[in-house]
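Peer 1: One structure, pasted below without further comment.
Chains as they are written, first to last, in the numbering used here: chain A, 86 to 281; chain B, 959 to 1324; chain C, 644 to 792; chain D, 29 to 151.
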């Protein structure tokens, strides 16, 4: 049973990944606009949330499953929130899915560096459609204490559209829970069915 | 037999059991690991470069975010290094408070290590939630003292930031009385569990001289039978006034590394008990100028952290900012042995071995 | 108590074996010429009285006219420690022999010094950037680094 | 009045209908507009911890995986036979029990043989 040599040399792979990082770094200059399209609709045509929308929003709101993407110290406040004392299974969120395929919420908890940015963008892209992004902690909002470092992304909204920002370093579990309740209110106002 | 081809899989930055954003590029032949290449840098925030533009007191919050599971110990190591550099005397009461906080942090960090190690063995979140219950008690004690749950910024150059409130001692007393019972409960539930024995006995054996050669430190080194603990070998602060032993195990496999954490938690409880008994009165912080200007020179202060020897190498040129600020990260050096322990073993063992080495990416990538 | 050996008598012991290796010493450190790092390190590791079997840490400091690589060595057997310093004056292509053959713990630390300070180590099995990505311009911990792009 | 088989027919239709409905539910909801459908190349690529997968997974891998699969199928079928037996155990009384034990014995012999051959240990 002889083994064939490794398919790729690691230098090739490093070069491919580095090119990806540089490309993303040049591409992300100004932040994504925050997805607040639901509010414009209210102002323009004061559309009434139909009861079917209401029902669908209610179902989505109370089964938001975060993808377990803890980057740094905030991750341990996030796990603390999932633990038994500040329990978020009351909101139906205690299932931290490891793969983005089964997740609805990308809770960016910690400092995002340029080397990690393409991976985070790929995880966001690989999540099924009704998905939301919560930027937890001042590192995810604006780079935080590491803002003027050479390798830190100054704010996750340079890479992803962010729905809720939760300040703090790390934010207390209660603050995180307040942020998630804000997210629930946001979900409850979304119109799902297209107006024909 | 038939020719089989290797496949290269990323245990990438976003993985439930890599303790943060650590990545391993593993080449498999079926289930057996043929090659493992650790890749770092996904949480490299350049703390050493940022430290050079901050004053000595402003760097303390950065040290909290290094090993965010043991922030008190990072503070302690950094503050000792600065005091050695600037030659500052620390009052007795501050030394004892620092030892109490450092040992409480060691218990909390070991609880997390054992909890997450069992996550990797398949006991998904059950033991971790029990151990998190104890950690929440310790976090309450820290919150009483310095108001924060994770990044304490509690220790200052020359002492500690706040004195302990009067309800701290009774709460600590209650915690210290309960804790040995909980540690026995964990040990009783886990030590003779067949699954744990089957997954950890004889897995990832690290011989003693290889551990020394690979600059491994902390419980991983002592699990291989090397009796080397800075609290006894090079006693800093007031550790020479307490009597406690340094537990070591013999054959250095994953089971011994698990045992090491349990035994060390018991020793930490003993230290805290003696420190509480001998806690003197007096002021808790020496008079230190706000913008400290240490004399030209360098100093290397190290501390026995939960993950190993955490050292700070500071070079000063007389200005209020350090000229060079280097952190000796025990978790990064403990990972030197990961490749040698995992190659040739099965995939499932690799994650358990990584869990037993217990890394924290904030300190590895800095 | 880990006894920090004084730079003087360690320098004397090294001086007997390698006459022109030691360039300078002070009370805690011994300064070594760049080319003899490997021989002096092997001597320190194997000499009966010294036996520095544990490499605590490798650091590099940029003193703008020269680089200084600092090796903290400890002996677990005899519980003493020494600091070995090497100066390289060549700023655009600083090279040093690697000590990975003696202490495998030096692997990641030398890669980190190469990555953040730009000092290359000959004989290192896998000298690549450890923290930053492949095409990163410059070495951040140098004093003349341009900072954020 | 539906004969006995009428009820079996209704039960069959309902169960089949339920199964088909569940399978087609995502597709139906997409038609109605509840489930959004926005495919893009990155979303449809395989997920590998945030990194691009390297090489193909269509490789010659070890044949040992098949042994595990075969053993699983064998014992899964055995469980399928248990269900009807468990439902009617009180009519079958002791005879049914002994029959099932004989059936088990045969399969256990097969399992022990595979175990002794070292199929379960990854070489």
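From the three backbone atoms N, C-alpha and C, an ideal C-beta is built for every residue, glycine too.
What are the boundary residues of the beta strand (DSSP E) that includes residue 718/C?
Peer 2: Element bounds for residue 718/C: 710 to 718.
Peer 1: Restricting to Cα atoms, I'd like to know which of 965/B, 1156/B, 1168/B is closest to residue 745/C.
Peer 2: Looking at the Cα atoms, 1168/B is the closest of the given residues.
Peer 1: How many Å lie between residue 1071/B and residue 1321/B at the Cα?
Peer 2: Spanning the two alpha carbons is a distance of roughly 15 Å.
Peer 1: Could you give the distance in angstroms between the alpha-carbon of residue 90/D and the alpha-carbon of residue 777/C?
Peer 2: Their backbone Cα atoms lie some 35 Å apart in a straight line.
Peer 1: Between residue 1261/B and residue 1038/B, which are expected to be in contact by the criterion C-beta below 8 Å, what is the C-beta distance as a whole number of angstroms?
Peer 2: Confirmed, about 6 Å.
Peer 1: Could you give the residue range of the alpha helix (DSSP H) that holds residue 195/A?
Peer 2: Run containing residue 195/A: none; DSSP gives neither H nor E here.
Peer 1: In whole angstroms, what is the alpha-carbon distance linking residue 30/D and residue 41/D?
Peer 2: When rounded, the distance between both Cα atoms is 15 Å.
Peer 1: Name the DSSP bridge partner or partners of residue 702/C?
Peer 2: According to DSSP, residue 702/C bridges with 713/C.
Peer 1: Using a Cβ-Cβ cutoff of less than 8 Å, which residues in the same chain neighbour residue 232/A once the five nearest sequence positions on both sides are dropped?
Peer 2: So the qualifying residues of the chain are 239.
Peer 1: Inspect the beta-carbon positions of residue 221/A and residue 193/A and report whether they are closer than 8 Å.
Peer 2: Cβ atoms of residue 221/A and residue 193/A: closer than 8 Å.
Peer 1: Mark residue 1127/B as exposed unless 16 or more other C-beta atoms lie within 10 angstroms of its C-beta, in which case mark it buried.
Peer 2: Under this definition residue 1127/B is an exposed residue.
Peer 1: Let's see if you can read the secondary structure: which residues bound the beta strand (DSSP E) around residue 993/B?
Peer 2: Start and end: 990 to 997.
Peer 1: Quick check on residue 1195/B: does DSSP put it in helix, strand or coil?
Peer 2: Note: residue 1195/B maps to coil in three-state DSSP.
Peer 1: For residue 979/B, would you say it is in contact with chain A, using Cβ-to-Cβ distances shorter than 8 Å as the test?
Peer 2: Taking Cβ atoms only, chain A reaches closer than 8 Å to residue 979/B, which makes this a yes.
Peer 1: Establish whether the CB of residue 78/D and some CB of chain B are separated by less than 8 Å.
Peer 2: Chain B contact via Cβ: present.
Peer 1: Cβ closer than 8 Å: which chain A residues qualify as neighbours of residue 1002/B?
Peer 2: The answer, in chain order, is 198, 200, 236.
Peer 1: Cα separation between residue 1059/B and residue 1074/B?
Peer 2: So the two alpha carbons sit approximately 23 Å from each other.
Peer 1: Check each candidate in 673/C, 644/C, 708/C, 646/C and name the one with the smallest Cα separation from residue 655/C.
Peer 2: Of 673/C, 644/C, 708/C, 646/C, the residue nearest in Cα terms is 673/C.
Peer 1: With which residues is residue 731/C paired in a DSSP beta bridge?
Peer 2: In the DSSP output, where bridge partners are listed per residue, residue 731/C has 710/C.
Peer 1: Return the CA-CA distance between residue 692/C and residue 104/A, expressed in angstroms with no decimal places.
Peer 2: Straight-line Cα distance between these residues: approximately 51 Å.
Peer 1: Indicate whether the contact test is met: 3 or more Cβ pairs, each with one atom in the stretch 1177 to 1197 of chain B and one in the stretch 1046 to 1065 of chain B, closer than 8 Å.
Peer 2: At 8 Å Cβ cutoff, the stretches touch.
Peer 1: Listed from N- to C-terminal order along the chain, which residues in the stretch 80 to 109 of chain D have their beta-carbon within a distance smaller than 7 Å of any beta-carbon of chain B?
Peer 2: Cβ contacts with chain B: 82, 83, 85, 87, 88, 89, 90, 91, 92.
Peer 1: At the 8 Å Cβ level, is residue 244/A part of the contact set with chain C, yes or no?
Peer 2: Not closer than 8 Å to any Cβ of chain C, the Cβ of residue 244/A fails to qualify, so no.
Peer 1: Name the residue from 1271/B, 1285/B, 1237/B, 1284/B whose alpha carbon lies nearest to the alpha carbon of residue 1050/B.
Peer 2: Looking at the Cα atoms, 1237/B is the closest of the given residues.
Peer 1: Could you tell me if residue 173/D is buried or exposed, where buried requires 16 or more neighbouring beta carbons within 10 angstroms of its beta carbon?
Peer 2: Missing from the structure shown is residue 173/D; chain D here goes from 29 to 151 and no further.
Peer 1: Starting from residue 94/D, trace the alpha helix (DSSP H) both ways and give me its first and last residue.
Peer 2: That run of the alpha helix (DSSP H) goes 92 to 115.
Peer 1: Just to confirm my understanding: we take residue 742/C, look at its own chain, exclude 5 residues before and 5 after, and list those with CB closer than 6 Å. What are they?
Peer 2: 684, 749, listed in sequence order.
Peer 1: Whose C-alpha, out of 1242/B, 1182/B, 982/B, is nearest the C-alpha of residue 1163/B?
Peer 2: Here the closest residue by C-alpha is 1182/B.
Peer 1: For residue 1321/B, would you say it is in contact with chain C, using Cβ-to-Cβ distances shorter than 8 Å as the test?
Peer 2: Chain C contact via Cβ: absent.
Peer 1: With a cut-off of 8 Å, does the C-beta of residue 1007/B fall near any C-beta of chain C?
Peer 2: For residue 1007/B, the answer is yes, since a Cβ of chain C falls inside 8 Å of its Cβ.
Peer 1: So that I know if they touch, is there some Cβ in chain C lying closer than 8 Å to that of residue 100/A?
Peer 2: Residue 100/A counts as touching chain C.
Peer 1: Assuming residue 985/B is part of the beta strand (DSSP E), what are its boundary residues?
Peer 2: Looking at the DSSP string, the run of the beta strand (DSSP E) that includes residue 985/B is 981 to 987.
Peer 1: Whose Cβ in chain A lies nearer than 9 Å to the Cβ of residue 999/B?
Peer 2: Those within 9 Å of residue 999/B in chain A are 198, 200, 201, 236.
Peer 1: Report yes if the CB atom of residue 1354/B is closer than 8 Å to the CB atom of residue 1046/B, and no otherwise.
Peer 2: In the structure as shown, chain B starts at 959 and stops at 1324, and residue 1354/B therefore has no counterpart that could be examined.
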